[in-house]
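Residue numbers (this note's numbering), protein chains in the order written: chain A, 628 to 917; chain B, 628 to 917.
All C-beta atoms in this analysis are idealised placements derived from N, C-alpha and C, irrespective of residue type, glycine included.
What you are looking at is a predicted structure, and each value in this text was computed from that prediction instead of being measured.
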DNA sequence: CGAAAGCCGTATCAGAAATTTCAAGACAAT
DNA sequence: ATTGTCTTGAAATTTCTGATACGGCTTTCG
């Protein structure tokens, strides 16, 4: 495994560039392989050796010799490199897709913002509409009680959700994730309850335990998590994954915030008939006069 | 939107779309596979069955059943389809990244997301770089105590900020905005303290009062608010406004979240020498073993 | 012209990957 | 409780792919 060699191009340049550069040094068969690969780069290299060789009009061993000469230990490694290159290339345009970009703002801020925006886009595109709608229906069911919970950081999001839903409808609760604080409340959780759990990586034991306990009691569990899915997924009825990776030592919860706000908006609209008077009442309580 | 729509998919369009559509008909294992695939679409499906299954946390046969259910005769055919789809998509850059596209996602969700993203862009573009940097410097000053506070909804953001900064540095506090809860704490607030207040429209009396009291004691006030500026602006030393308007009965705090996370990232980087051991210590406490 | 060197493809093998089988477990309905 | 259905993963099986050895062929150079 001397993978430390020069296979991975340091600059953003692709393998294709190196192939063009070394083209003269190839044998005739290798040139045929190289030309095929470049003409359909990199897809031509993604099926089997036999297929690749046949399209190039050469034999399988020649194709093997070709990739070996490029510095790969074998065909699978060659394909892996192509896939990774492709993935990187496909993802970057999204981040750079801000047109009028000469944005000022601290450089740290604007590049961070780009990453967050890319996350939001990716998050929305990967949500199943039915999943989202099903959750909206669930949270709009006034016969059910709703409980929000989350971990160290995501707990704040759970609170954020709770503080909105509390106004839109009744029977909305926030549960601290520490077992000592929910053990006794668990007796009230049953088939008609909905648990909305927030949990992203460095998944938190107590949130998992809470969700599993609630599921065991027959409650419906809704999970907001990262794309790698918290273990809570095992007991969750519905899952909304959000992308969280940003250039920071921390994960970003902006995607979870987006989903939360979208849920709040949708449920508010759905329950508008009953939500409106509630919101007005709250407004009146805050401004007793005027 | 009937003209100039996508030319990419002549057949049943993207497989991803179909998966989202049939999501609720899947078994739990299939859902895990589906979520993995969608979260890294389509690259997650380009490895071997074993790899794919392992990442999804299911067994190889379950992964096989998943692709079979999608209508493919086997895994290789499934992968071939993914590759072809990818190639088609890459060849027609117009097909993707079109801003106002009729993308999937619940319509409510995607239009909501578009508004949020527009807000984030506008927010970043209107931040004065010096302002952002000055705040980072302020929060990176370890001789100062930092206090976060916020209102009904924004309080959750203040907590979110606090839970991160608490790990990055010492002397970080959260203050409840109810006067009864901060009156006595005010005697400890002085010239060396920093108050970070979150307040958006329907500006909240108690947050304003708290901020003004702190300012009167000589504390430095940092304000995160909406573009119309909370009254706190009069006593604030630094202001970061975020756009909040979305198609909903509520305002969106996603911009505030973005700014918060950007501040956390910047300060963490700035204080890395001392933040790193702190973060490691926290990690060790959470995982006493391993 | 002859010989050496290198290049290429056929045939074959080893091993990995996909697929099928099957039994255990979960769940719902009765 | 009990049965039947559905789901799942471990293990056995099959298929197929990537890799290699070897001999023929072409090219090159003395």
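| query | result |
| --- | --- |
| Residues near residue 849 (chain B) in its chain [Cβ-Cβ closer than 6 Å; skip 5 each side] | 762, 823, 865 |
| Neighbour-count burial assignment, residue 847 (chain B), 16 or more Cβ in a 10 Å radius | buried |
| Neighbourhood of residue 902 (chain B) by C-beta distance below 6 Å, restricted to the same chain and skipping five residues each side | 795, 895 |
| Test: residue 722 (chain B) CB closer than 8 Å to a CB of chain A | For residue 722 (chain B), the predicted model reports a pLDDT of 35, less than 50, meaning its position is unreliable; a value from the coordinates is still stated below. It does not; no Cβ of chain A falls within 8 Å. |
| Boundaries (first-last residue) of the alpha helix (DSSP H) holding residue 834 (chain B) | 832 to 843 |
| Residue-chain proximity (residue 862 (chain B), chain A), Cβ-Cβ < 8 Å | no |
| Through-space distance from residue 742 (chain A) to residue 828 (chain A), alpha-carbon basis | 18 Å |
| Residue 720 (chain A) classed as buried or exposed, judged by whether at least 16 other C-beta atoms fall within 10 angstroms | For residue 720 (chain A), the predicted structure reports a pLDDT of 39, less than 50, and the residue's modelled location is therefore unreliable. The matter cannot be settled from this model. |
| Closest by C-alpha distance to residue 655 (chain B), when choosing among B:678, B:676, B:689, B:671 | B:689 |
| CB-CB length for residue 686 (chain A) against residue 781 (chain A), believed under 8 Å | With 8 Å as the limit, residue 686 (chain A) and residue 781 (chain A) do not qualify as a contact, their Cβ atoms being about 56 Å apart. |
| Spatial distance of residue 801 (chain B) from residue 857 (chain A) (CA atoms) | 28 Å |
| Proximity test, residue 836 (chain A) beta-carbon vs the ligand COA heavy atom, cut-off 7 Å | Looking at this structure, you won't find the ligand COA or any other ligand, since it has none at all. |
| Opposing strand residues paired with residue 824 (chain A) [DSSP bridges] | A:776, A:850 |
| Ranges of the beta strand (DSSP E) found wholly within the stretch 749 to 807 of chain A, counting only runs of at least 3 | 772 to 777, 799 to 801 |
| Under 7 Å from the C-beta of residue 695 (chain A): neighbouring residues of chain B | Those do not exist, as residue 695 (chain A) stays about 21 Å from chain B at its closest Cβ, beyond 7 Å. |
| Chain A contact for residue 743 (chain B) (CB, 8 Å cutoff) | yes |
| 8 Å Cβ cutoff, residue 809 (chain B) in contact with chain A | no |
| Chain A contacts made by the stretch 750 to 777 of chain B, where a contact means CB separation under 7 Å | 751, 752, 754, 756, 759, 760 |
| C-alpha distance - residue 671 (chain B) paired with residue 868 (chain A), whole-angstrom precision | 15 Å |
| Alpha carbon of residue 667 (chain A) to alpha carbon of residue 668 (chain B), nearest angstrom | 21 Å |
| Chain-order list of residues whose beta-carbon lies under 6 Å from that of residue 893 (chain A) (same chain, five-residue window excluded) | 763 |
| Contact with chain B by residue 705 (chain A), beta-carbon distance below 8 Å | no |
| Within 8 Å, strictly: CB atoms of residue 765 (chain A) and residue 821 (chain A) | yes |
| Chain A residues whose Cβ lies nearer than 7 Å to that of residue 714 (chain B) | 670 |
| Partners in chain A for residue 855 (chain B), counting only beta-carbon separations shorter than 8 Å | The contacting residues do not exist; residue 855 (chain B) stays about 18 Å from chain A at best. |
| Neighbour flag for residue 800 (chain B) against chain A, beta carbons, 8 Å | no |
| Buried or exposed (CB count within 10 angstroms, at least 16 for buried), residue 646 (chain A) | buried |
| Paired residues, beta bridge with residue 866 (chain B) - DSSP | B:850 |
| Neighbouring residues, chain B, relative to residue 593 (chain A) (Cβ below 9 Å) | In the structure as shown, chain A begins at 628 and stops at 917. Residue 593 (chain A) is therefore absent and cannot be evaluated. |
| Neighbourhood of residue 749 (chain B) by C-beta distance below 6 Å, restricted to the same chain and skipping five residues each side | 870 |
| Within-8 Å CB hit, residue 708 (chain B) to chain A | no |
| Contact list for residue 888 (chain A) against chain B, beta-carbon separation under 8 Å | 739, 743, 873, 875, 877, 879, 880, 881 |
| Residue from A:788, A:738, A:783 whose Cα sits closest to the Cα of residue 789 (chain B) | A:783 |
| Near-chain B residues of the stretch 783 to 799 of chain A (beta-carbon distance less than 8 Å), N- to C-terminal order | 783, 784, 786, 787, 790, 791 |
| Segments of 4+ residues assigned as alpha helix (DSSP H) that fall wholly inside the stretch 659 to 683 of chain A | 676 to 683 |
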